[in-house]
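Numbering (my numbering), first residue to last: 419 to 1060.
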């Protein structure tokens, strides 16, 4: 057959690989059998082995290999088989094939070693990796920049940090892939500063960054909350023309989201000409992680309209958003989409569904989802445990915790588990058990208690009337007590009449709040205590209406229904700020709210009613830029010039 025809058939085999089409590959093989005399030319055999291995048809690849005479098998043949196995996740098979190649007395080349080093990475097999390193030195390949880079990556991924650093320092030449591997592994090891320093050093040495470089450096900046450094990296990306590269843009969205700069993340998202699945997922996650659940749900619906496939990550994120806003109906809609996409029993999606139903107060569906899951991990158990604690089912939560610890399950509790268990002990009044659980965190599980655990214990002791013991417990905290800790003590002091301790708690509580500035906008739902704020707004609205208050809707938008106009004025920034103040500022301490514009007439009127329906004693002050308005619980309402 003419060489041109043989070359054409080889091109068809390559096309089958690039398009992942086994139909094209097998059809081409049939054409080869029909058109080319047997035995086939070696390069055609190599193409066939490569095609079958890359398309994950290893049995056919091995059969093809067996038809090649041993003397005709080259390093190209074996490397094609090994690389295909690694590409499709058959790492043990790749190592075995490399061993057979060695027995055939075929010397590996600079393409073979990176493949088998990657197999060692994935198998977490440093012993095999060391043997390969020795073989690469013996073969004179270790100084090749790609072989050296893959060996360094193997040592990093298998936990041999000293060997990795030595390997990196001794490399005579470092290319872009080497620096990217070094930066990426520094991020994975939890050393973002080391990753950023390496990026700066590579720039000083004249290295040109790639899209991968920008992605890993942005990841480092987001992990360490290096806001300014991340913005400089963004500037570098613009300079090198990568700002609209979709993978880099996705990294920027994630970075700005973790730094709580949501508007910047959205600007980057809007600037992507063709956002992919990861872009939509990242932006939904930004909203969810920054307590803007409603926006996360709206963006998710927009993604569905744009025919974005509902995968596990975006489904999990939007379910968490539904849980945060107690959006049961939206959560059911997302559940239906997960069922349709056949991912409802994915362990992460299933865990998110358990959490969503629990936080929406639907314990029946929560338990049903948990029971039906074929696979459960610690996140799943924590979701159900947290749901029981959240809904006040303390006995069920404690029973579940005991079941988790049973030898049958061998489930090891983590930080989140203990928050839920201690909250359940607090609800149940199980002080002895709660203190035992708290002590076991360090002694048995090696977990250092955080402020959430201390707050739960203080609440538990306070509910049981052990107020002095709760105060003494606060003194043992390694760090400074937070608002939640002092708030728990303050609540106990109020119930049991411990005025002196209450004054201490109130003073510390005030200091904690006063040291932070809390800003609100109209319809703002972004505050970390949004659920408490919305609950207080609902309570004020209910009690004010009962007291005869009628909202002034003259300044609301005219194209809305009356009910919507009333809802508009109830979510003015002044009322949101006031509700927050009523949630966090203790009795007898002024609430001072500064507004950049004149306070609206309805908010002005609403403040008059607050003094009559709240149990707040003493001055309550609301200040705008032109007037100071003071609430006196026992003396009515007065206005005076600032």
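Virtual Cβ for every residue (Gly too), placed ideally from N, Cα, C.
Values in this document were obtained by computation on a predicted structure and should not be read as measured data.
(request) Starting from the C-beta of residue 437, find all residues in its chain whose C-beta is less than 8 Å away, skip the five residues before and the five after it, and write them out in chain order. (result) Taking the chain shown and counting its residues from 1, the one referred to as residue 437 is at position 19. Counting only Cβ-Cβ distances below 8 Å, and skipping sequence neighbours, we find nothing.
(message) I'd like to know whether the C-beta atoms of residue 889 and residue 865 end up nearer to each other than 9 Å.
(response) Here the question's residue 889 lines up with position 471 in the chain shown. Here the question's residue 865 lines up with position 447 in the chain shown. In this structure, residue 889 keeps its C-beta atom at 9 Å or more from the C-beta atom of residue 865.
(request) Could you have a look at residue 437 and say whether DSSP puts it in helix, strand or coil? (result) Here residue 437 is taken as the residue at index 19 of the chain shown, counted from 1. In the three-state reduction of the DSSP assignment, residue 437 falls in the coil class.
(message) I'd like to check one pair, residue 744 with residue 777: are the Cβ atoms closer than 9 Å?
(response) As a position in the chain shown, residue 777 is number 359, starting the count at 1. As a position in the chain shown, residue 744 is number 326, starting the count at 1. Yes, the pair counts as a contact, with Cβ atoms nearer than the cut-off.
(message) Using 8 Å for Cβ pairs, my map puts residue 748 next to residue 768. What's the rounded Cβ distance?
(response) Counting from 1 along the chain shown, the entry for residue 748 is found at position 330. Counting from 1 along the chain shown, the entry for residue 768 is found at position 350. Taking 8 Å as the upper bound for CB-CB distance, residue 748 and residue 768 are not in contact here, some 18 Å apart.
(message) I need the straight-line Cα distance from residue 443 to residue 430, nearest angstrom please.
(response) Numbered from its first residue, the chain shown carries residue 443 at position 25. Numbered from its first residue, the chain shown carries residue 430 at position 12. For residue 443 and residue 430, the distance between alpha carbons rounds to 7 Å.
(message) Starting from residue 656, trace the alpha helix (DSSP H) in both directions and tell me its first and last residue.
(response) One-based indexing of the chain shown puts residue 656 at position 238. 645 to 657 is the span of the alpha helix (DSSP H), which, as asked, contains residue 656.
(message) Tell me the DSSP secondary structure of residue 660 in three-state form.
(response) Your numbering for residue 660 matches position 242 in the chain shown. DSSP places residue 660 in coil when its eight states are reduced to three.
(request) Grab me the residues of residue 464's own chain with a C-beta within less than 7 Å of its C-beta, minus the 5 sequence neighbours each way, in chain order. (result) Counted from its first residue, the chain shown places residue 464 at position 46. Once the five neighbours on either side are set aside, the close Cβ partners of residue 464 are 494, 495 and 498.
(message) How far does the alpha helix (DSSP H) with residue 726 in it extend, from its first residue to its last?
(response) Residue 726 sits at position 308 when you count from the first residue of the chain shown. For residue 726, no alpha helix (DSSP H) run applies, since DSSP gives it neither H nor E.
(request) Provide the residue span of the alpha helix (DSSP H) that contains residue 547, from first to last. (result) Taking the chain shown and counting its residues from 1, one reaches residue 547 at position 129. Segment 544 to 556, the alpha helix (DSSP H) holding residue 547.
(request) Count the other CB atoms, across all protein chains shown, that sit within 10 Å of the CB of residue 644; report buried if there are 16 or more and exposed otherwise. (result) Taking the first residue of the chain shown as position 1, residue 644 is located at position 226. Buried.
(message) Here's the rule: buried if 16 or more other CB atoms are within 10 angstroms of the residue's CB, otherwise exposed. What is residue 845?
(response) On the chain shown, position 427 is the one that residue 845 refers to. The residue in question, residue 845, is buried, as its Cβ has 16 or more Cβ neighbours within 10 Å.
(message) Given this structure, state the Cα-to-Cα distance separating residue 967 from residue 659, to the nearest angstrom.
(response) As a working mapping, residue 967 is identified with position 549 in the chain shown. As a working mapping, residue 659 is identified with position 241 in the chain shown. Residue 967 and residue 659 have their C-alpha atoms roughly 59 Å apart.
(request) Just the C-alpha distance for residue 838 and residue 569, rounded to the nearest angstrom, thanks. (result) As a first step, residue 838 must be located in the chain shown, where it is residue number 420. As a first step, residue 569 must be located in the chain shown, where it is residue number 151. Rounded to the nearest angstrom, the two C-alpha atoms are 44 Å apart.
(message) Just to confirm before moving on: does the CB-CB distance between residue 895 and residue 872 stay below 9 Å?
(response) Within the chain shown, numbered from 1, the residue matching residue 895 stands at position 477. Within the chain shown, numbered from 1, the residue matching residue 872 stands at position 454. The Cβ-Cβ distance between residue 895 and residue 872 falls below 9 Å.
(request) In the DSSP assignment, find the alpha helix (DSSP H) that holds residue 582 and state where it starts and stops. (result) Within the chain shown, numbered from 1, the residue matching residue 582 stands at position 164. Per DSSP, the unbroken alpha helix (DSSP H) holding residue 582 starts and ends at 579 to 588.
(message) So, does the segment 697 to 709 touch the segment 717 to 728, judging by three or more C-beta pairs under 8 Å?
(response) The segment 697 to 709 makes contact with the segment 717 to 728; the number of CB pairs closer than 8 Å reaches 3 or more.
(request) Give every residue of the same chain whose Cβ lies closer than 7 Å to the Cβ of residue 875, excluding the five residues on either side of it in the sequence, and list them in chain order. (result) Residue 875 sits at position 457 when you count from the first residue of the chain shown. Sequence-distant partners of residue 875 (beyond 5 residues in either direction) whose C-beta falls short of 7 Å from its own C-beta, in its chain, are 840, 852, 856 and 891.
(request) Would you mind reading off the limits of the alpha helix (DSSP H) that contains residue 640? (result) In the chain shown, the residue the question calls residue 640 occupies position 222. Boundaries of the alpha helix (DSSP H) around residue 640: 629 to 641.
(request) Enumerate in chain order the residues of its own chain whose CB-to-CB distance from residue 620 is below 6 Å, with the five nearest sequence positions on each side excluded. (result) On the chain shown, position 202 is the one that residue 620 refers to. For residue 620, where only same-chain residues beyond five positions count, the Cβ hits under 6 Å are 597.
(message) So residue 829 and residue 796 are supposed to be a Cβ contact under 8 Å. How far apart are they, rounded?
(response) Taking the chain shown and counting its residues from 1, the one referred to as residue 829 is at position 411. Taking the chain shown and counting its residues from 1, the one referred to as residue 796 is at position 378. Rounded to the nearest angstrom, the Cβ distance from residue 829 to residue 796 is 6 Å, consistent with a contact under 8 Å.
(message) Please give me, in chain order, every unbroken run of the beta strand (DSSP E) with length at least 3 that falls completely inside the segment 704 to 755.
(response) The qualifying runs do not exist here; there are none.
(request) Hey, could you find the ends of the alpha helix (DSSP H) residue 537 is sitting in? (result) Translated into the one-based positions of the chain shown, residue 537 becomes position 119. Run containing residue 537: 530 to 541, per the alpha helix (DSSP H) assignment.
(request) Using 10 angstroms around the beta-carbon of residue 423, count the other beta-carbons present and answer buried if the total reaches 16, otherwise exposed. (result) Here residue 423 refers to the residue found at position 5 of the chain shown. It counts as exposed.
(message) Distance check for residue 802 and residue 997, CA to CA, integer angstroms please.
(response) In the chain shown, counting from the first residue as 1, residue 997 sits at position 579. In the chain shown, counting from the first residue as 1, residue 802 sits at position 384. Those two C-alpha atoms are separated by around 31 Å.
(request) May I ask which residues mark the beginning and end of the alpha helix (DSSP H) holding residue 808? (result) Numbered from its first residue, the chain shown carries residue 808 at position 390. From DSSP, the alpha helix (DSSP H) with residue 808 extends over 796 to 808.
(message) What does the Cβ neighbour count give for residue 491, buried or exposed, with the cut at 16 atoms within 10 Å?
(response) In the chain shown, the residue the question calls residue 491 occupies position 73. So residue 491 counts as buried.
(request) Inspect the beta-carbon positions of residue 867 and residue 836 and report whether they are closer than 9 Å. (result) For the purposes of this step, residue 867 is identified with residue 449 of the chain shown, where counting begins at 1. For the purposes of this step, residue 836 is identified with residue 418 of the chain shown, where counting begins at 1. Yes, they are a contact pair.
(request) Find out if the Cβ-Cβ distance for the pair residue 534, residue 473 is shorter than 9 Å. (result) Locating residue 534 in the chain shown gives position 116, where the first residue counts as 1. Locating residue 473 in the chain shown gives position 55, where the first residue counts as 1. It is not a contact, given that the beta carbons lie outside the stated cut-off.
(request) Give me the Cα-Cα distance between residue 622 and residue 611, rounded to the nearest whole angstrom. (result) By one-based count along the chain shown, residue 622 stands at place 204. By one-based count along the chain shown, residue 611 stands at place 193. Approximately 17 Å between the Cα atoms of the pair.
(request) Output yes or no for whether 9 Å exceeds the beta carbon distance between residue 883 and residue 911. (result) Position 465 of the chain shown, counted from the start, is the residue given in the question as residue 883. Position 493 of the chain shown, counted from the start, is the residue given in the question as residue 911. No, Cβ-Cβ distance for residue 883 and residue 911 is not below 9 Å.
(request) Please look up how many angstroms separate the CB atoms of residue 680 and residue 634, rounded, as I've assumed it's under 8 Å. (result) If you number the chain shown from 1, residue 680 lands on position 262. If you number the chain shown from 1, residue 634 lands on position 216. That pair is no contact at about 23 Å.
(message) Taking the alpha helix (DSSP H) that residue 691 belongs to, which residues open and close that run?
(response) Within the chain shown, residue 691 is the residue found at index 273, counting from 1. Counting along the chain, residue 691 falls outside any alpha helix (DSSP H), and DSSP gives it neither H nor E.
(request) Give the secondary structure of residue 622 by DSSP, where H, G and I count as helix, E and B as strand, and everything else as coil. (result) Sequence index remark: in the chain shown, residue 622 carries index 204 (1-based). In this structure, DSSP gives residue 622 a helical state, which the three-state scheme calls helix.
(request) Use the C-beta contact count for residue 710: other C-beta atoms within 10 angstroms, 16 or more gives buried, fewer gives exposed. (result) Numbered from its first residue, the chain shown carries residue 710 at position 292. So residue 710 counts as buried.
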